[in-house]
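What follows is one structure encoded as structure tokens, with my remarks underneath.
There are 2 protein chains.
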Amino acid sequence: MLLMAIDGGKSKTYCIIFNERGDVLASSLGGPSGLLVYADVAEENIFSVMRRALLKANVDIKDLDLIVISLADLDTDKDWEMARRIVSSLNIPKNVRVILEHDAVAAYYAVTFGEPGVAVIAGTGSIAFGINKHGERARVGGWGWLFNDEGSAFWIAKEALSLASKAVDGRGKQTKLVSAIMEYFNIKKFIDIIDVIHKEFITEHERIAKLAKVVDMVANEGDEVATEILVRAGIELAKMAQAVAKKLKMVDDEIIVGGIGGVFSSDIVRRTFMKKAKELFRRAHIKEPLIGYQPLVGPVVLALKECGFDNVESVVKRISKELAELSSRS
Amino acid sequence: MLLMAIDGGKSKTYCIIFNERGDVLASSLGGPSGLLVYADVAEENIFSVMRRALLKANVDIKDLDLIVISLADLDTDKDWEMARRIVSSLNIPKNVRVILEHDAVAAYYAVTFGEPGVAVIAGTGSIAFGINKHGERARVGGWGWLFNDEGSAFWIAKEALSLASKAVDGRGKQTKLVSAIMEYFNIKKFIDIIDVIHKEFITEHERIAKLAKVVDMVANEGDEVATEILVRAGIELAKMAQAVAKKLKMVDDEIIVGGIGGVFSSDIVRRTFMKKAKELFRRAHIKEPLIGYQPLVGPVVLALKECGFDNVESVVKRISKELAELSSRS
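Protein chains in written order, with our numbering: chain A, 1 to 330; chain B, 1001 to 1330.
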């Protein structure tokens, strides 16, 4: 059987072709296709990762058995309409089934394999999603990048900009973030950040969100302000998981809780999240966060479950290992 | 003498023609010309308010003695270049002098008439500016709408969106802001706010910022969450004034401190600001905030000072009275 999994995020789109034994035939990576980008951008990026993966694997699209696409920001009725329009414009042969899913739901499957639990995604944005033993679903967060996005890369960037500018204002702690931000945005005076952010970068959220990596670097050099931002991110992400579990009345149950997404590649965020989650959930199994290509695990699990395989976990382990190697190379 | 004052803000542009006795010959109002809008938008809006005021007053532009233009977001070298290009494209006859100034500096003159003190502007954005007895200048805030903009209308809107969405998430206090926001944006499900904000409204900051008025209405109906946002806004604005005074080493001096801008039309913000400012400044004269057409007082004072008049304060009082009447009618 030939399966394709695609994860369309706010910053990147990942794609792999694999089989039911866990062999990865090909992978590819492209620009964003989360539904806050324009429809034609999402379409182009999905089309492009599919084409490159098919070429690399030397597979004809009509030989695929199933394509699972998980997308960020697939929230409203309008979003679903837009996603279906995008899929229908990809010219996928009718014999190939396509499943569309919200990336938070896919993330939940990546973390729990369908057992009761909660997944927290922290990439450019942040969202938590869970399902309890009765099959009831709940989500928290995922409101975009302007508000209520604590713990996301974009939020980390906004906090860094806010605290650095307060230091420049003379009403905040001094921090190396000031010079690091000037270097990142290639500006000579800090005040130029106003133009850079509001005029040049505001349509490129990805580039602002990437500032989160700079915050992590500065924190690792011992900067208190930067460290504090990342600690707060880790705590907020654990609290989001708790809020979902509360809604589903399973905070004190033996559930699975885990994180997924690029923000967890920060040691400080990951360690804080694990510690706080262990405090908030007394009986849950707190899994190590998944990063790099790992967001693909969600649509991979969905695809294997859809095809009715039992040994999903062991197959996914093989694929995860290959994905981890891909991540370390990218 | 015939003078023209123009205040170009993030949401509106005000214009009046007046004389040295304080007679207002004409006034006009148009769209934004603060420098975070596109240059041609700012140019068109300034040109349009000038033309209408001249027509109403039946005055030929060449008969003006001086034009003072205060602009929001006139921060960086690039902004000044842009502002000068805009002015030169307005085809103002060479015999008419034009003075350009940052709106925070103009606001300072509106509040203090040039005496040592601090003005806090809270419109769509927020900024504080002051000058001490040695003529030293300092500013705090004014970083745009993405970060470090506490107390501004846009910040109030973001806080309202954040706390309403947290209530919907089931992890925040219940608040009437949820239904008020749905009504304001004309949506049937709260989750649709994601599309509305990030796709339709994000280029129209003014419309998001206007949500601050809804927050004030909801607070006046007794909603705790909305009230708390406005109280925090008032406190933050007073703290910005304090930060400026600290930088200028005049916190404990007999200085003048006052607010200016639309956010102060909220009773809760105004009262909180006055109370907090009285706490933070033991010997300062805390003036009642200026609202409505009052931002024009800044360029008016600058114009009168520039022409060398002594009785600036009494002339401005006459003009302010007329402006207050205009505000109550608009």
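For glycine and all other residues, C-beta sits at the position ideal for the given N, C-alpha and C.
Taking the beta carbon of L177/A as the centre, do at least 16 other beta carbons fall within 10 Å, making it buried, or is it exposed? The residue given as residue 177/A occupies position 177 in the first sequence. Using a 10 angstroms sphere on the CB of L177/A, the tally of other CB atoms reaches 16 or more, which defines it as buried.
Residues of chain A with CB under 8 angstroms from I1319/B, in chain order? Indexing the second sequence from 1 puts residue 1319/B at position 319. Going along chain A, no residue has its Cβ under 8 angstroms from I1319/B, so there is no contact; the nearest lies around 32 angstroms.
Identify whether F185/A lies in helix, strand or coil by the three-state DSSP scheme. The residue labelled residue 185/A in the question sits at position 185 within the first sequence. Correct three-state label for F185/A: coil.
Suppose contacts are defined by Cβ-Cβ distances below 9 angstroms. Is W1145/B in contact with F1154/B by that definition? Taking the second sequence and counting its residues from 1, the one referred to as residue 1145/B is at position 145. Taking the second sequence and counting its residues from 1, the one referred to as residue 1154/B is at position 154. The answer is yes: Cβ separation under 9 angstroms.
Can you give the beta carbon distance from V1263/B to A1233/B, rounded, assuming they're within the 8 angstroms contact cut? Residue numbering aside, residue 1263/B sits at position 263 when the second sequence is read from its first letter. Residue numbering aside, residue 1233/B sits at position 233 when the second sequence is read from its first letter. Right, the Cβ-Cβ distance comes to about 7 angstroms (below 8 angstroms), so this counts as a contact.
Strand pairing of V68/A, partner residues [DSSP]: Along the first sequence, one-based indexing puts residue 68/A at 68. According to DSSP, V68/A bridges with A5/A and I99/A.
With a cut-off of 9 angstroms, does the C-beta of L1146/B fall near any C-beta of chain A? The residue labelled residue 1146/B in the question sits at position 146 within the second sequence. Residue-level contact check: L1146/B touches chain A, since one or more beta carbons of chain A fall below 9 angstroms from its beta carbon.
Are P1295/B and S1033/B touching if we call contact CB-CB under 9 angstroms? Position 295 of the second sequence, counted from the first residue, corresponds to residue 1295/B. Position 33 of the second sequence, counted from the first residue, corresponds to residue 1033/B. Not in contact: P1295/B and S1033/B (Cβ atoms no closer than 9 angstroms).
At least one CB of chain A closer than 9 angstroms to the CB of T1124/B: is that the case? Residue 1124/B sits at position 124 when you count from the first residue of the second sequence. By this cut-off, T1124/B is not an interface position.
Taking only beta-carbon positions, decide if V225/A is within less than 9 angstroms of chain B. The residue labelled residue 225/A in the question sits at position 225 within the first sequence. No, V225/A lies away from the interface with chain B (no Cβ there is under 9 angstroms from its Cβ).
Let me see if you follow: with CB-CB separation under 9 angstroms, is H134/A close to chain B or not? In the first sequence, the residue the question calls residue 134/A occupies position 134. No, no contact with chain B.
Please specify which runs of the beta strand (DSSP E), each continuous and at least 3 residues long, are wholly inside the segment 1078-1138 of chain B, giving them in chain order. 1097-1102, 1117-1122 and 1126-1131
Cα-Cα, which of K94/A, S11/A and L3/A is closest to I17/A? Taking the first sequence and counting its residues from 1, the one referred to as residue 17/A is at position 17. Taking only the C-alpha atoms, the option nearest I17/A is L3/A.
List the endpoints of the continuous beta strand (DSSP E) containing G1284/B. Within the second sequence, residue 1284/B is the residue found at index 284, counting from 1. In the sequence on display, residue 1284/B carries Ala and not Gly. Careful: A1284/B lies outside any beta strand (DSSP E) and carries neither H nor E.
Shortest alpha-carbon distance to R1052/B belongs to which of H1205/B, G1030/B, D1065/B and V1218/B? Within the second sequence, residue 1052/B is the residue found at index 52, counting from 1. Comparing Cα positions, the closest option is G1030/B.
Across which residues does DSSP place I1191/B in a beta bridge pair? Looking up residue 1191/B in the second sequence gives position 191. Paired residues: none, contrary to the question.
Measuring straight from C-alpha to C-alpha, what distance separates G114/A and I131/A? Residue mapping note: residue 114/A aligns to position 114 of the first sequence, counting from 1. Residue mapping note: residue 131/A aligns to position 131 of the first sequence, counting from 1. Roughly 8 angstroms between the two C-alpha positions.
Using the Cα positions of K1056/B and Y1014/B, report the straight-line distance between them to the nearest angstrom. The sequence position of residue 1056/B within the second sequence is 56, counting from 1. The sequence position of residue 1014/B within the second sequence is 14, counting from 1. Roughly 14 angstroms separates the two Cα atoms.
Which class does G1222/B belong to by DSSP, given the choice of helix, strand or coil? The sequence position of residue 1222/B within the second sequence is 222, counting from 1. Three-state result, G1222/B: coil.
When the distance is taken between beta carbons, is I1006/B closer than 9 angstroms to V1068/B? Reading the second sequence from its first residue, position 68 is the one you call residue 1068/B. Reading the second sequence from its first residue, position 6 is the one you call residue 1006/B. In contact: V1068/B and I1006/B (Cβ atoms closer than 9 angstroms).
Residues from the segment 183-194 of chain A in contact with chain B, defined by Cβ distance under 7 angstroms: I191, D192 and I194
Does V1315/B come out as helix, strand or coil in the three-state DSSP assignment? For the purposes of this step, residue 1315/B is identified with residue 315 of the second sequence, where counting begins at 1. Correct three-state label for V1315/B: helix.
Three-state class that DSSP yields for I1235/B in the structure shown: For the purposes of this step, residue 1235/B is taken as the residue at position 235 of the second sequence. It is helical.
If we count Cβ pairs, one from each stretch, closer than 8 angstroms, do we get three or more for the segment 1218-1230 of chain B versus the segment 1177-1188 of chain B? yes
Mind listing the chain B neighbours of V140/A? Cutoff is C-beta to C-beta under 9 angstroms, in chain order. Residue 140/A sits at position 140 when you count from the first residue of the first sequence. Near V140/A (Cβ distances below 9 angstroms), the residues of chain B are K1166, D1169, G1170 and R1171.
Hey, how far is the Cα of E136/A from the Cα of K247/A? Walking along the first sequence from the start, residue 136/A turns up at place 136. Walking along the first sequence from the start, residue 247/A turns up at place 247. Their backbone Cα atoms lie some 10 angstroms apart in a straight line.
Residues in the segment 63-94 of chain A with C-beta within 9 angstroms of chain B's C-beta atoms, listed in sequence order? D73, D75, T76, D77, K78 and D79
CB of L66/A within 9 angstroms of CB of C307/A, strictly: Taking the first sequence and counting its residues from 1, the one referred to as residue 66/A is at position 66. Taking the first sequence and counting its residues from 1, the one referred to as residue 307/A is at position 307. In this structure, the beta-carbon distance from L66/A to C307/A falls below 9 angstroms.
Assuming G117/A and S152/A make a contact with CB atoms under 8 angstroms, what is their CB distance in whole Å? If you number the first sequence from 1, residue 117/A lands on position 117. If you number the first sequence from 1, residue 152/A lands on position 152. About 21 angstroms separates the two Cβ atoms, so there is no contact after all.
Considering only the alpha carbon of each residue, which of G22/A, S266/A and K249/A lies closest to I319/A? Within the first sequence, numbered from 1, the residue matching residue 319/A stands at position 319. Here the closest residue by C-alpha is G22/A.
Suppose you measure from the CA of V1218/B to the CA of A1160/B; what does that come to, to the nearest Å? Working through the second sequence from its first residue, we reach residue 1218/B at position 218. Working through the second sequence from its first residue, we reach residue 1160/B at position 160. Computed Cα separation, rounded: 11 angstroms.
Short check: CB of A241/A to CB of V120/A, under 9 angstroms? Counted from its first residue, the first sequence places residue 241/A at position 241. Counted from its first residue, the first sequence places residue 120/A at position 120. In contact: A241/A and V120/A (Cβ atoms closer than 9 angstroms).
Cutoff 9 angstroms: E228/A Cβ touching any chain B Cβ: Counting from one through the first sequence, the residue named residue 228/A turns up at place 228. Not one chain B Cβ lies under 9 angstroms of E228/A.
C-alpha distance - K158/A paired with L230/A, whole-angstrom precision: Counting from one through the first sequence, the residue named residue 158/A turns up at place 158. Counting from one through the first sequence, the residue named residue 230/A turns up at place 230. Cα to Cα, the separation comes out at about 12 angstroms.
Find the residues of chain A that neighbour I1197/B, judging by a C-beta separation of less than 9 angstroms, and give them in chain order. Within the second sequence, numbered from 1, the residue matching residue 1197/B stands at position 197. Those are W143, G144, L146 and F147, listed as they occur along chain A.
Kindly list the residues whose CB is nearer than 8 angstroms to the CB of I92/A, restricted to its own chain and excluding five residues on each side of it in sequence; keep chain order. On the first sequence, position 92 is the one that residue 92/A refers to. Contacts found: I61, I67 and V98.
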